[in-house]
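Keeping their order, the protein sequence lines are chains B and Z.
Read the first sequence against our numbering and you will find it ends at 343, with the numbers running on by one and no gaps.
Read the second sequence against our numbering and you will find it ends at 395, with the numbers running on by one and no gaps.
What follows is a short report on a single structure.
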Amino acid sequence: MSLSFNLIKTSEKSLRLGRLTLIKNHEQKVLDTPNCLAYTSRGCVPHLTPDNLSSIPLNGAIIVTLEHFIDVQPPPSTQFPYGIHKFLNFEEYIVFIDVHDPGNLKPKSNNTDKHVSVYTVHGVRQPDIFASLADNITDEAPSVKRVKRSVDRTLRWLDDAINHIKESTQVFGVLTGHKNQEERIRSAQETAKRNVAGFVLNGKCLGSTSRECIDILKSSINHLPSNKPRLAYGLGTPEDILLGVSEGIDLFDTSYALEMTNAGNAFVFSLDIKDDIDSFNRQQIISLWDVNYRNDVRPLLAGCQCYSCKNHTRAYVHHLLNTHEMLATSQFIPLHGIFQEY
Amino acid sequence: MRSALTWKVIANCSTTKAKVGILTLPHGPVNTPVFMPVGTQGTLKGLTTKQLEELGCQIMLNNTYHLGLKPGQELIENFGGSHKFQNWNRNLLTDSGGFQMVSLLKLARITEEGVEFQSPHDGSTMLLTPEHSMSLQNSIGADIIMQLDDVVSSLTTGPRVEEAMYRSIRWLDRCINAHKKPESQNLFAIIQGGLNMDLRRKCIEEMVKRDTPGYAIGGLSGGEEKDIFWRIVTFCTDQLPKNKPIYCMGVGYAEDLVVCSALGVDMYDCVFPTRTARFGNALTPKGSLNLKSTKFAQDFEPIEKGCSCLTCKTYTRAYIHMHATRETVGCHLITIHNVSYQLRLMDNIRKAIINDEFPPFVQNFFKELFGGKNNYPTWAVNALKSVNIELLP
């Protein structure tokens, strides 16, 4: 198996167009970047059945969380004879795996060296790419000592992972360092020395605004080689994604679309952006719970080509939310939301 | 009275009372015997109308009581009815709203005027009359609408049953008078009379005089003895005219559908297949599988071998086990399979009748579902015997 990343076009700023190519068993899967990895929960894109999923141009990559698979031992996916792609009905997709849920980072700052036990890619069988285990700090203001330890530990785990991983799986190194610039740089430089196929930047719990978060991540990005892809967690709003792209991030996950869906919110932003990104502050979402949509015969977003917008009104979605019918949050809004993210 | 349907029987079973018909309604044809899935609040929980169409569903239920509360009559009227509101271009049937009042609301009180109940919104006293039910159903715009009937529990005995039966006839007259759209909506009468054949006979005599486009058998599936249930059903199908479709309300278990079809029923509805799906239960010809059970954790077969539904074509039982009752996708996938199972069962019933192979079909169906003679429910054995089918050992 081989994974290659080619930059097709770069700008003087940090903007970049790239292509990730995976060749496995003589089959080629391609992912053009910048792009999103579709977020999954227990191996399904939340709420969407495969027919509906296929109506969204997902572009071919999903992110699977190991945590979701290990509550049953042995995890069924490890016993299934034909591998994780077929088990999850994602045969056409590049399957990226992380131990932790990128959309739901629970406090794990009390990590110890014992966490190495989760290392073996245990719950799923033969993903294409996996993120090494990271000692993510979720405290607001950790001590410098704690940050240093997390960088050291994450690097040690990465080395272990590289030593133990099967040839058929590629490893992305996770960058840590919290808000400490020196440690972020050390983490980036040290990770870049290792045999990794790409990098994961976790923007969750860093900074209260998109700009603040990106600025922190930037101190890592500046010390990464340009020829490997960079995946960011926690950058989900349209504004986040635009800022991330402008700073050279190639891949994002769609957990934000799920978060919005579960809240009954639909994206209504327009991608016709002529303004400066920092002033991108037009209305981005509407809440379908709002009683003002009770009589609204318009689609969620005029002109949108997703199934929900082509077939249904805001009033109907409001009715479904109002009557606690799962069709709303479980098909229409995610169909629209994920569609919009792409 | 005026009718907005045509009903043509295209095949009769030479052994039983089973028949195949084509019921043509304003939103297209319906092949009978038909099972109608229930989309209570203007949605079959979790499925898109496109998915329902792809499953071959020709008619779905909506509940008047629920739609009347939310989104409310005025809004649904403004949208041009429930078909447009939910973007469903095939047929709909609505109930009268009366059953929900009695079953969901403890404080309902029935008078000659209508069903009195406390509003779940503000606790104020409200009254559902036959006229109000017709007005709501005319706004919702379903292809088949049901009269408001005086529903009593099938376990009730004594004069209350008779009173309810006669009142249902009086309310039918009021419904006929109040019905504003007989040219596009078919009003069905509902036969009442509890478990008493005489009352049922009287009710049928009176209601048939009103000549509604179809007839429903009401007041059953409420916990009565199954051996009495089937006798009432077969009595009603004998008494009712042959040129009208017969709808047995609230029936949806597979064995009930097969037996009642043998007794001459044409239409059914029930929340069971879709509700049980949300609890993680998948229906198969060998019975129900509780996919939450850990015994499916490593089971890499589809729910039902040979089933052509999206779920069975795509996923294993182990995958669905991971999601059942945890992810909405688990609900959707099992709901898709269960609706597919019900509709396929009806399709197989129709094919067997058309080929005049219905008795062996029934025998094989029971053998596969129950395993053999010792497990057959007595009521089903008796019911089938009454229409000349002996089950296999």
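C-beta atoms are modelled at their ideal positions from N, C-alpha and C, and glycine is treated no differently.
Predicted model only: the values in this text are computed from it and were never measured.
Cα-Cα separation, residue i to residue j
| i | j | result |
| --- | --- | --- |
| N384 (chain Z) | T96 (chain Z) | 33 Å |
| K109 (chain B) | G178 (chain B) | Legend: pLDDT at K109 (chain B) = 46, less than 50; position of this residue unreliable, value from coordinates given subsequently. The alpha-carbon atoms of K109 (chain B) and G178 (chain B) are separated by roughly 15 Å. |
| S84 (chain Z) | A144 (chain Z) | 7 Å |
| H123 (chain B) | T210 (chain B) | With a pLDDT of only 38 at H123 (chain B), under the threshold of 50, the placement of this residue in the model should not be trusted; the figure read from the coordinates follows. Spanning the two alpha carbons is a distance of roughly 36 Å. |
| T131 (chain Z) | R295 (chain B) | 27 Å |
| I360 (chain B) | F333 (chain B) | Since the first and last residues shown for chain B are 2 and 343, residue 360 (chain B) lies out of range. |
| L21 (chain B) | R187 (chain B) | 26 Å |
| A354 (chain Z) | P39 (chain Z) | 22 Å |
| D229 (chain Z) | L222 (chain Z) | 12 Å |
| F302 (chain Z) | T316 (chain Z) | 11 Å |
| G100 (chain Z) | T18 (chain Z) | 34 Å |
| N292 (chain Z) | T313 (chain Z) | 16 Å |
| S118 (chain B) | A193 (chain B) | Any reading at S118 (chain B) is ruled out, since the residue's pLDDT is 35, under 50, leaving its predicted position unreliable. |
| T330 (chain B) | I339 (chain B) | 12 Å |
| Y120 (chain B) | S227 (chain B) | Unreliable placement is indicated for Y120 (chain B), whose pLDDT of 32 sits below 50; the coordinate value is still reported in the next sentence. Rounded to the nearest angstrom, the two C-alpha atoms are 28 Å apart. |
| Q80 (chain B) | P51 (chain B) | 23 Å |
| R277 (chain Z) | I336 (chain Z) | 10 Å |
| R92 (chain Z) | K387 (chain Z) | 37 Å |
| T286 (chain Z) | F270 (chain B) | 45 Å |
| H116 (chain B) | R154 (chain B) | Since pLDDT at H116 (chain B) reaches only 46, below the 50 mark, its modelled position is unreliable, and no value is offered. |
| L321 (chain B) | G48 (chain Z) | 10 Å |
| P82 (chain B) | S295 (chain Z) | 21 Å |
| R150 (chain B) | L176 (chain B) | 13 Å |
| K30 (chain B) | H69 (chain B) | 25 Å |
| C310 (chain B) | K21 (chain Z) | 42 Å |
| G196 (chain Z) | V253 (chain Z) | 16 Å |
| L393 (chain Z) | T239 (chain Z) | 22 Å |
| S42 (chain B) | G104 (chain B) | 9 Å |
| F231 (chain Z) | M251 (chain Z) | 12 Å |
| P35 (chain B) | L156 (chain B) | 26 Å |
| I391 (chain Z) | V364 (chain Z) | 8 Å |
| A233 (chain B) | D268 (chain Z) | 58 Å |
| R202 (chain Z) | G41 (chain Z) | 30 Å |
Terminal residues of the beta strand (DSSP E) in which residue i lies
| i | result |
| --- | --- |
| A218 (chain Z) | G216 to I219 |
| R250 (chain Z) | For the record, residue 250 (chain Z) in the displayed sequence is Cys; it is not Arg. From DSSP, the beta strand (DSSP E) with C250 (chain Z) extends over I248 to C250. |
| K21 (chain Z) | K21 to L27 |
| R231 (chain B) | R231 to Y234 |
| A132 (chain B) | I130 to A132 |
| P36 (chain Z) | First, the amino acid is wrong: residue 36 (chain Z) is Val here, not Pro. Residues V36 to M38. |
| S288 (chain B) | I286 to S288 |
| V11 (chain Z) | T8 to N14 |
Start-to-end residues for the alpha helix (DSSP H) that takes in residue i
| i | result |
| --- | --- |
| G338 (chain B) | I334 to E342 |
| S186 (chain Z) | Careful: S186 (chain Z) lies outside any alpha helix (DSSP H) and carries neither H nor E. |
| D160 (chain B) | V145 to H165 |
| F81 (chain Z) | It is not in any alpha helix (DSSP H) - F81 (chain Z) carries neither H nor E in the DSSP assignment. |
| D392 (chain Z) | It is Glu, not Asp, that sits at residue 392 (chain Z) in the sequence shown. Unbroken run through E392 (chain Z): none, as it is neither H nor E. |
| Q307 (chain Z) | What sits at residue 307 (chain Z) in the sequence shown is Lys, not Gln. Where K307 (chain Z) is concerned, there is no enclosing alpha helix (DSSP H), given that its DSSP letter is neither H nor E. |
| Q53 (chain Z) | T51 to E56 |
| F311 (chain Z) | Checking the sequence shown, residue 311 (chain Z) turns out to be Cys, not Phe. First-last for C311 (chain Z): undefined, no H or E at that position. |
| N181 (chain B) | Premise fails: N181 (chain B) is in no alpha helix (DSSP H) and is neither H nor E. |
| I138 (chain B) | No alpha helix (DSSP H) contains I138 (chain B), which DSSP labels as neither H nor E. |
Chain A contact residues for residue i, given Cβ-Cβ distances below 8 Å
| i | result |
| --- | --- |
| I338 (chain Z) | Of the protein chains in the structure, B and Z, none is chain A. |
In DSSP terms, what residue i is bridged to
| i | result |
| --- | --- |
| G345 (chain B) | The structure shown does not extend to residue 345 (chain B), since chain B spans only 2 to 343, so no value can be given for it. |
| Q94 (chain Z) | It should be pointed out that residue 94 (chain Z) corresponds to Leu in this sequence rather than to Gln. Z:M62. |
| N7 (chain B) | B:R20 |
| P31 (chain Z) | Z:T26 |
| N266 (chain B) | B:S288 |
| L252 (chain B) | B:N36 and B:L232 |
| I193 (chain Z) | Z:I219 |
What ranges does the beta strand (DSSP E) occupy inside the stretch 104-165 of chain Z, keeping only unbroken runs of at least 3 residues that lie completely in it? 117-120, 127-130 and 146-148
On the three-pair Cβ rule with 8 Å, is the stretch 183-199 of chain Z touching the stretch 5-20 of chain Z? yes
Could you pull out every unbroken beta strand (DSSP E) segment of at least 3 residues lying fully inside the stretch 263-303 of chain Z, listed in chain order? 269-271, 283-286 and 289-292
contact_flag[the stretch 154-169 of chain B, the stretch 128-138 of chain B] where n(CB pairs < 8 Å) is 3 or more: yes
Quick check on the DSSP output: what are the complete beta strand (DSSP E) runs of length 3 or more inside the stretch 14-50 of chain B, in order along the chain? 17-25, 28-34 and 36-40
Segments of 4+ residues assigned as alpha helix (DSSP H) that fall wholly inside the stretch 48-101 of chain B: 51-54, 77-80 and 84-88
Would you check if the stretch 74-89 of chain B and the stretch 294-312 of chain B touch, i.e. whether three or more CB-CB distances between them fall below 8 Å? no
Contiguous alpha helix (DSSP H) assignments of at least 4 residues, all confined to the stretch 319-374 of chain Z: 319-325, 330-356 and 360-372
Three or more C-beta pairs closer than 8 Å, one from the stretch 243-252 of chain B and one from the stretch 16-31 of chain B: is that the case here? yes
The stretch 15-35 of chain Z touching the stretch 250-270 of chain Z, judged by at least three CB pairs closer than 8 Å: yes
Whether or not the stretch 364-382 of chain Z and the stretch 327-342 of chain Z are in contact is what I'm after, with contact meaning three or more pairs of Cβ atoms, one per stretch, closer than 8 Å; do they touch? no
Is it true that the stretch 72-80 of chain Z meets the stretch 64-78 of chain B, where meeting means three or more beta-carbon pairs spaced less than 8 Å apart? no
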